[in-house]
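There are 2 protein chains.
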Amino acid sequence: MRADAKKNYDHLLSIAQKALLEQGADVSMRDIARQADVGVGTLYRHFPTREALLDALLRSSFDDLAGKANELNGAAETDKALLVWLEEVIAFTHAHRGILEPMMSAIEDPASALHESCVRLKTAGASLLRRAQADGTARPDLDGAELFDLIAALAWLREQPAHAQRAARLFNVVAGAVLKAP
Amino acid sequence: MRADAKKNYDHLLSIAQKALLEQGADVSMRDIARQADVGVGTLYRHFPTREALLDALLRSSFDDLAGKANELNGAAETDKALLVWLEEVIAFTHAHRGILEPMMSAIEDPASALHESCVRLKTAGASLLRRAQADGTARPDLDGAELFDLIAALAWLREQPAHAQRAARLFNVVAGAVLKAP
DNA sequence: TTGATATACGGAACACCGTTCCGTATATTT
DNA sequence: AAATATACGGAACGGTGTTCCGTATATCAA
Chain U
1 MRADAKKNYD HLLSIAQKAL LEQGADVSMR DIARQADVGV GTLYRHFPTR
51 EALLDALLRS SFDDLAGKAN ELNGAAETDK ALLVWLEEVI AFTHAHRGIL
101 EPMMSAIEDP ASALHESCVR LKTAGASLLR RAQADGTARP DLDGAELFDL
151 IAALAWLREQ PAHAQRAARL FNVVAGAVLK AP
Chain A
1 MRADAKKNYD HLLSIAQKAL LEQGADVSMR DIARQADVGV GTLYRHFPTR
51 EALLDALLRS SFDDLAGKAN ELNGAAETDK ALLVWLEEVI AFTHAHRGIL
101 EPMMSAIEDP ASALHESCVR LKTAGASLLR RAQADGTARP DLDGAELFDL
151 IAALAWLREQ PAHAQRAARL FNVVAGAVLK AP
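Chains U and A, in that order, give the protein sequences. Going by our numbering, the residue at position 122 of the first sequence is 122; the numbering climbs one at a time, nothing skipped. Going by our numbering, the residue at position 108 of the second sequence is 108; the numbering climbs one at a time, nothing skipped.
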């Protein structure tokens, strides 16, 4: 990779990161290029599609979340572990408004650049769920995919501006349906 | 209203109805105009905004759903009544892919053309919920707005193509959290 | 029936979008 | 310094929602 290319790549990543946090995942590619003082062609050279850019932005965070699940798998009570992790995932998606839709399409489309990252997240949640189920603290008739759906639904709700207040209560309602002991 | 205008209005409504069912609520305004063999200006003359068009398309159905809630308020067991109505609302939104997002913005924006219709829906659900709560069949710590959110979240899940299979199970999980006796 | 007028129509135009393409510029290598 | 590989910028394409206005037509009066 040429030196100027590497510089632009890094610069674009950091600008895009900021734009993602400030304007949401539906920020226009042109906007990102503009804010980075770069032609739109340069942006597309480095990130051939919007999903590729999102993947570059989210991959490490997703890995962090998956890692957190592994930590929690060792330490805390099984039900509390699941709860804490759910809250963290939802807080993350809340901080990155608009990433839910690309995530939902990616999770079922192996060709998507985001696919792998999403599957890792789903798998991490599934392992926490299994442990809680083995422990008898989570209802047994749920699988990882369904848990992922429930997380996504809660995350989607929290994305709706006016519903932020109710989000915490609804989280408890749904979590109460997943876990046996409230 | 001039005769030709009335004719175009009715024609546009029926074409838009078909387009809404076949292509979803994000069908382009140009597409609707094209399918109706009408200039895009004509479409906008009759429906000054996309939400106005949606309102014209959905209002009567929403009224039907609200009416259904009133019927159910009279007849069936309170928990079953709520359940049946929830399923009907979700089935309706499922048949009209894409209406959820405009509904969610409309419910909190009194200026929206869709606002009134959405509030009617929310109110209808709230009355069913209250009756079930008074009867002791629904958990008491929920209000109409929260129920509406839960319905929306479930409806959103059912809109995700690959998740249709899990939708029924997840409906039961969430419904089980709202109702006391499964 | 003809003429005036109010109303409605069609579609070009504007500003945006994601994405592609290619002539030009620059970094690297010889 | 020349050759070459690589990267850059931004015009261009086909799409979007929406606005605007010159033209056509329905309606009403004479």
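Where a beta carbon is used, it is the ideal one built from N, C-alpha and C, also for glycine.
Item to complete: Report buried or exposed for E71 of chain U, applying the criterion of at least 16 other Cβ atoms within 10 angstroms of its Cβ.
Response: exposed
Item to complete: Jot down the residue ranges of each uninterrupted beta strand (DSSP E) in the segment 120-159 of chain U, minimum 3 residues, whole runs only, in chain order.
Response: none
Discussion item. Checking the sheet assignment: what are the DSSP bridge partners for L179 of chain A?
Written reply: A:A138
Item to complete: Starting from P102 of chain U, trace the alpha helix (DSSP H) both ways and give me its first and last residue.
Response: 100-107
Worksheet item: Cβ of G176 of chain U less than 8 Å from any chain A Cβ?
Response: yes
Worksheet item: Taking three-plus beta-carbon pairs below 8 Å as touching, is the segment 47-65 of chain A in contact with the segment 10-24 of chain A?
Response: yes
Discussion item. With distance defined between alpha-carbon atoms, name the residue in A:L82, A:K68, A:S61, A:I32 nearest to K18 of chain A.
Written reply: A:I32
Worksheet item: Any beta-carbon of chain A closer than 8 Å to the one on A162 of chain U?
Response: yes
Worksheet item: Okay, do the segment 141-160 of chain A and the segment 118-126 of chain A touch, 3+ Cβ pairs below 8 Å being the bar?
Response: yes
Discussion item. Less than 7 Å between C-beta atoms, sequence neighbours within five positions excluded: which residues of the same chain meet that for V183 of chain A?
Written reply: Nothing about residue 183 of chain A can be reported from this structure: the residues present for chain A run from 1 to 182 only.
Fill in: 8 Å Cβ cutoff, L21 of chain U in contact with chain A
no
Practice prompt. Would you mind working out which of U:L58, U:L129, U:D26, U:D109 sits nearest V84 of chain U, comparing C-alpha positions?
Written response: U:L129
Discussion item. With H, G and I counted as helix, E and B as strand and the rest as coil, what does DSSP make of A25 of chain A?
Written reply: coil
Worksheet entry | Range covered by the alpha helix (DSSP H) that runs through F92 of chain A | 78-95
Worksheet entry | Among U:G41, U:R131, U:H94, the one whose alpha carbon lies nearest that of L82 of chain U | U:R131
Discussion item. Considering only their Cβ atoms, is the gap separating D55 of chain A from S117 of chain A smaller than 8 Å?
Written reply: yes
Worksheet item: Among U:T137, U:A164, U:D109, which residue has its Cα nearest to the Cα of E51 of chain U?
Response: U:D109
Worksheet entry | S112 of chain U classed as buried or exposed, judged by whether at least 16 other C-beta atoms fall within 10 angstroms | buried
Practice prompt. Verify whether the separation of the beta carbon atoms of E101 of chain U and L65 of chain U is less than 8 Å.
Written response: no
Discussion item. DSSP three-state label for V38 of chain U, please.
Written reply: coil
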